[in-house]
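Please read the structure below before turning to the comments.
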DNA sequence: ATAAATTCTTGACGAAGTTAATTTATCCGC
DNA sequence: GCGGATAAATTAACTTCGTCAAGAATTTAT
């Protein structure tokens, strides 16, 4: 008789999923508390929690921190055992693969970069499989258990038009792909259950479950860099768009009324991206500095040094972003917006203007929308992919 | 023993609600078809449908129109009996009350206008109660049964910040109200179960169930007139906004980058409403015509007659609206957008430009978003209120 | 100690929907 | 006009999920 595979997370009913996600995302919580937060009866929580404890996914904490000063039986909070299962997340860009191993809480344990030397599908699949093998064979700095025995799920993030349900890359401009069944190919190559998602949406999932989005019924994540994108979560659900398009804040027209509106790749005019993308900023900076070889780094340091025309370039970009956020907040009314981006270096030049413009444009109580602005480390994209893999435990059926 | 009240719609389980709404919104459907569309088993449909038939809400049609040409037992489609229950809808504006009686399908049977002579809460409640009494006592042109015996629900639509769940008017600029528990007051005064909703959201509900929104998982409704507003339905749910603000397309900044951006009441700059509201159009028209007494009607007729500067005023407004729609479509990717408005008279001057701008600005497959542009009859607002009342059959518990 | 409070557990119960077999009603070929 | 094919509708047994209510466990307060 062959050795049986280790038990997987026993998600057998809606209640089981609810209880597990609550403990996963809201830290240690007593059963009664889970019941209160979810609306389930406490009996249901007890029943749903047991299999998770038996399978090693949850544990009972000896309620050390005594939160309840009154009488009564003390609570024994449920806590996740993050090392019970590991997840692989890979972000594919045009130039490289970034891979991570995370635990159940999507905390990164190991990270690896590989250069991507070609864009043909079989080549990418092979390179990604190599990366996965390397990640599975690696050991965490803390010398944790071998990942291989406890990793079953792979999450992959790609920019462009991606259909999570079918595991299809519909269109990826960076890779030059159309309708590639990537999830299936990777599943065959790696043996791992594979979930594919758009990169910004993946990042948003990570935020929703393990970041600023925890506890917010609705929020938006905006990424600023080469492109400007966003994704929205409403009522705990990622907004998909009827035709696959959603969250294209980069193509919200904020400057399309004047006679000298900038043109955008997308064919539109006055898009946020035509003003505030890295490329657009560099172009503007070169123009005002009358230096066609100026780089982003040059522009940043000269602006920091007080170069007024260059400072205005960044302020204009910040203004455009703030207007985009205003449009988002007025239309959608999220509880919170997280603005994150590669161009970490230049945040000090943006942030003020973004906040000021947003405050001016937010209508009525939309100003109460929390605005978090912060850098975006590179592995974060891969972490997003891993978070999607974690989430796939709950809704895994490919269509 | 007192005569028992007539049985109400027997909505006792999720399946019952699903079946009933399916038949209500998708016209006559056979049980198998309902099962296919909803994912329920056909046994469940049979069970859920029976009580509705017994209570007179649904009936079985003798499958006259033979849709299935093959063999087999012919389907006996389920159809709604629209006259089984009537609903009252009232829209409150600053100047008048518009009230309607509708059937279950939210078809208007009778409509009445009353002038509103004051804005004090008791006065409005009394006037509205009078209107309701008059509506209930009226008879439809076709001499239908007395409404009074079969009307139990009242829907009320008000512009401004309205909390449907608590039945509270948080803030109404036109009435000068703050935190008025209108639903409760009207329930006491009329004896009808009362649901309160923001006017644009109410209109959207009507559209979602009985108009263009049927069958679309997501869509938006935009109203153009004195103000410019919108509401979104995503996954069948009306987007509320974490802080009560959502759908404020009128305050999406589409012209806030240039030096001569128009100012808006809201404190922002370059809002759609600052360019395309009735007021803004009249102001622009007066400027270009150098005639401070010009009216909207004058402007429309002169533009129609070929006055180029005035035509450009309307085109500019249409452009601004198109940009707002572009922002909406790029952020949410709805399946359809309905643009509707009071300024019916001027549609021919807008429509082209709206469509052209939208087509330019919609990103990728967002262009596939259907755009319906059409006038908005006055009673439509009250019909929206009635539609909310119909919907309250399903989710009626006040918080 | 005894009582009160609070968490957690247990087993019976009930609601809701599914599966699978059955009945009903029509069309089709002969 | 009759038997068979075919599909819709119904029925009854069963499964699943979660609630309810009672009680066990474990603490503080009197």
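Chains as they are written, first to last, in the working numbering: chain S, 4 to 402; chain V, 4 to 402.
Quick reminder that beta carbons are idealized off the backbone N, C-alpha and C, glycines included.
Everything numeric in this text was worked out from a predicted model, so none of it was measured.
Query raised in the report: In the DSSP assignment, what are the bridge partners of residue 350 of chain S?
Result: Counting from 1 along the first chain, the entry for residue 350 of chain S is found at position 347. BP columns for residue 350 of chain S are empty, so no partner.
Query raised in the report: Is the shortest distance between the beta-carbon of residue 78 of chain S and the beta-carbons of chain V less than 8 Å?
Result: As a first step, residue 78 of chain S is located in the first chain; it is residue number 75 there, counting from the start. Chain V has no Cβ within less than 8 Å of the Cβ of residue 78 of chain S.
Requested in this report: Please confirm if residue 231 of chain S has its CB atom under 8 Å from at least one CB of chain V.
Outcome: Along the first chain, one-based indexing puts residue 231 of chain S at 228. Chain V contact via Cβ: absent.
Query raised in the report: Which chain V residues are close to residue 139 of chain S, counting only those with a beta carbon under 8 Å from its beta carbon?
Result: Taking the first chain and counting its residues from 1, one reaches residue 139 of chain S at position 136. Going along chain V, no residue has its Cβ under 8 Å from residue 139 of chain S, so there is no contact; the nearest lies around 36 Å.
Query - Closest Cα partner of residue 120 of chain S within the set S/302, S/98, S/27 - result: Along the first chain, one-based indexing puts residue 120 of chain S at 117. Nearest C-alpha to residue 120 of chain S: S/98.
Requested in this report: Please list, in chain order, all residues of the same chain as residue 231 of chain S whose beta carbon is under 8 Å from its beta carbon, the five residues on each side excluded.
Outcome: Here residue 231 of chain S is taken as the residue at index 228 of the first chain, counted from 1. Counting only Cβ-Cβ distances below 8 Å, and skipping sequence neighbours, we find 225, 252, 253, 275, 276, 279, 280, 324, 327.
Requested in this report: Thinking residue 38 of chain S and residue 48 of chain S are a contact (beta carbons under 8 Å), I'd like their distance in whole angstroms, please.
Outcome: On the first chain, position 35 is the one that residue 38 of chain S refers to. On the first chain, position 45 is the one that residue 48 of chain S refers to. Right, their Cβ atoms sit about 5 Å apart.
Query raised in the report: Can we count residue 317 of chain V as close to the ligand NAD, meaning its CB is less than 7 Å from some heavy atom?
Result: Annotation note on the ligand NAD: not contained in the displayed structure, which lists no ligands.
Requested in this report: Apply the 10 Å Cβ neighbour rule to residue 311 of chain V and answer buried if 16 or more other Cβ atoms are within range, or exposed otherwise.
Outcome: Locating residue 311 of chain V in the second chain gives position 308, where the first residue counts as 1. Looking at its Cβ environment, which holds fewer than 16 other Cβ atoms inside 10 Å, residue 311 of chain V is exposed.
Report task. Can you give me the start and stop residues for the alpha helix (DSSP H) that residue 232 of chain S sits inside? Result -> Residue numbering aside, residue 232 of chain S sits at position 229 when the first chain is read from its first letter. Unbroken run through residue 232 of chain S is the beta strand (DSSP E), 231–237; no alpha helix (DSSP H).
Requested in this report: Measure the alpha-carbon distance for residue 3 of chain V versus residue 205 of chain V and round it to whole angstroms.
Outcome: Because residue 3 of chain V is not part of the residues shown, which for chain V are 4 to 402, the question remains open.
Query raised in the report: Exposed or buried, which one is residue 236 of chain S when buried takes at least 16 other CB atoms within 10 Å?
Result: Here the question's residue 236 of chain S lines up with position 233 in the first chain. Looking at its Cβ environment, which holds 16 or more other Cβ atoms inside 10 Å, residue 236 of chain S is buried.
Report task. Keeping to the same chain, check which residues put their C-beta closer than 8 Å to that of residue 19 of chain S; ignore five residues upstream and five downstream. Result -> As a position in the first chain, residue 19 of chain S is number 16, starting the count at 1. Excluding positions up to five away in sequence, the list reads 13, 51, 54, 55.
Requested in this report: Would you give the residue range spanned by the alpha helix (DSSP H) that residue 333 of chain V belongs to?
Outcome: Numbered from 1 along the second chain, position 330 holds the residue referred to as residue 333 of chain V. First-last of the alpha helix (DSSP H) with residue 333 of chain V: 311–335.
**Report entry** CA-to-CA distance, residue 379 of chain V to residue 331 of chain S, given in whole angstroms
**Finding:** Here residue 331 of chain S refers to the residue found at position 328 when the first chain is read from its first residue. Here residue 379 of chain V refers to the residue found at position 376 when the second chain is read from its first residue. Between residue 331 of chain S and residue 379 of chain V, the C-alpha separation is close to 27 Å.
Query - Buried versus exposed call for residue 137 of chain V [16 or more other C-beta atoms within 10 Å across all chains shown] - result: Taking the second chain and counting its residues from 1, the one referred to as residue 137 of chain V is at position 134. Label assigned to residue 137 of chain V: exposed.
Query - Candidates S/259, S/335, S/128, S/350, of which the one nearest residue 299 of chain S by Cα - result: On the first chain, position 296 is the one that residue 299 of chain S refers to. Comparing Cα-Cα distances from residue 299 of chain S to each of S/259, S/335, S/128, S/350, the minimum goes to S/350.
Query raised in the report: Roughly how many whole angstroms lie between the Cα atoms of residue 199 of chain V and residue 171 of chain V?
Result: Numbered from its first residue, the second chain carries residue 199 of chain V at position 196. Numbered from its first residue, the second chain carries residue 171 of chain V at position 168. Their backbone Cα atoms lie some 7 Å apart in a straight line.
Requested in this report: For chain V, find out if any of its Cβ atoms is closer than 8 Å to the Cβ of residue 249 of chain S; answer yes or no.
Outcome: By 1-based counting over the first chain, the position of residue 249 of chain S is 246. True, the Cβ-Cβ gap to chain V drops below 8 Å.
Query raised in the report: DSSP state of residue 98 of chain V, grouped into three classes?
Result: Taking the second chain and counting its residues from 1, the one referred to as residue 98 of chain V is at position 95. Three-state result, residue 98 of chain V: coil.
Query raised in the report: How many Å lie between residue 291 of chain V and residue 261 of chain S at the Cα?
Result: Counting from 1 along the second chain, the entry for residue 291 of chain V is found at position 288. Counting from 1 along the first chain, the entry for residue 261 of chain S is found at position 258. Straight-line Cα distance between these residues: approximately 17 Å.
Query raised in the report: Under 8 Å between C-beta atoms, does residue 364 of chain S make it to chain V?
Result: Sequence index remark: in the first chain, residue 364 of chain S carries index 361 (1-based). Cβ-Cβ to chain V under 8 Å: yes for residue 364 of chain S.
Query raised in the report: In three-state terms, what does DSSP make of residue 243 of chain S?
Result: Here residue 243 of chain S refers to the residue found at position 240 when the first chain is read from its first residue. DSSP places residue 243 of chain S in coil when its eight states are reduced to three.
Query - Range of the contiguous alpha helix (DSSP H) that encloses residue 208 of chain V - result: Residue numbering aside, residue 208 of chain V sits at position 205 when the second chain is read from its first letter. Note, residue 208 of chain V: alpha helix (DSSP H), 202–213.
Query - Reduced DSSP secondary structure (H/G/I, E/B, other) of residue 226 of chain V - result: On the second chain, residue 226 of chain V is found 223 positions in, with the first residue counted as 1. In the structure shown, residue 226 of chain V sits in a strand (DSSP, three-state: E or B).
Query raised in the report: Between residue 248 of chain V and residue 368 of chain S, which are expected to be in contact by the criterion C-beta below 8 Å, what is the C-beta distance as a whole number of angstroms?
Result: Position 245 of the second chain holds residue 248 of chain V. Position 365 of the first chain holds residue 368 of chain S. Correct: roughly 5 Å between the Cβ atoms.
Query raised in the report: Within 8 Å (strictly less), CB to CB, does residue 254 of chain V reach chain S?
Result: Numbered from 1 along the second chain, position 251 holds the residue referred to as residue 254 of chain V. Closer than 8 Å: yes.
Query raised in the report: Taking 8 Å as the CB-CB cut-off, is residue 352 of chain V touching chain S?
Result: Position 349 of the second chain, counted from the first residue, corresponds to residue 352 of chain V. Nearest CB-CB separation between residue 352 of chain V and chain S: not below the 8 Å threshold.
**Report entry** Sequence ranges, beta strand (DSSP E) only - wholly within the region 36–70 of chain V, length at least 3
**Finding:** Runs found: 61–63.
Query raised in the report: If you drop the 5 nearest sequence neighbours on each side, which residues of the same chain put their C-beta closer than 8 Å to that of residue 16 of chain S?
Result: For the purposes of this step, residue 16 of chain S is taken as the residue at position 13 of the first chain. Only 51 meet the Cβ criterion.
Query raised in the report: If you check the beta carbons only, do residue 217 of chain S and residue 29 of chain S fall under 8 Å apart?
Result: If you number the first chain from 1, residue 217 of chain S lands on position 214. If you number the first chain from 1, residue 29 of chain S lands on position 26. In this structure, residue 29 of chain S lies closer than 8 Å to residue 217 of chain S by Cβ.
Report task. Indicate the three-state DSSP secondary structure (helix, strand or coil) for residue 4 of chain V in the structure shown. Result -> Counted from its first residue, the second chain places residue 4 of chain V at position 1. Interpretation of residue 4 of chain V is limited by its pLDDT of 47, a score under 50 that renders its predicted location unreliable; the figure taken from the coordinates is listed afterwards. Coil at residue 4 of chain V, not helix or strand.
Query - Candidates V/35, V/41, V/102, of which the one nearest residue 75 of chain V by Cα - result: Counting from one through the second chain, the residue named residue 75 of chain V turns up at place 72. Considering only alpha carbons, the answer is V/35.
Query raised in the report: For chain S, is any of its Cβ atoms less than 8 Å away from the one on residue 245 of chain V?
Result: Your numbering for residue 245 of chain V matches position 242 in the second chain. Closer than 8 Å: yes.
Query raised in the report: Anyone know if the C-beta pair for residue 155 of chain S and residue 196 of chain S falls short of 8 Å?
Result: One-based indexing of the first chain puts residue 155 of chain S at position 152. One-based indexing of the first chain puts residue 196 of chain S at position 193. In this structure, residue 155 of chain S lies near residue 196 of chain S, with their beta-carbon atoms less than 8 Å apart.
**Report entry** Cβ pair residue 31 of chain S, residue 77 of chain S closer than 8 Å
**Finding:** By 1-based counting over the first chain, the position of residue 31 of chain S is 28. By 1-based counting over the first chain, the position of residue 77 of chain S is 74. Cβ distance not < 8 Å, so residue 31 of chain S and residue 77 of chain S don't count as in contact.
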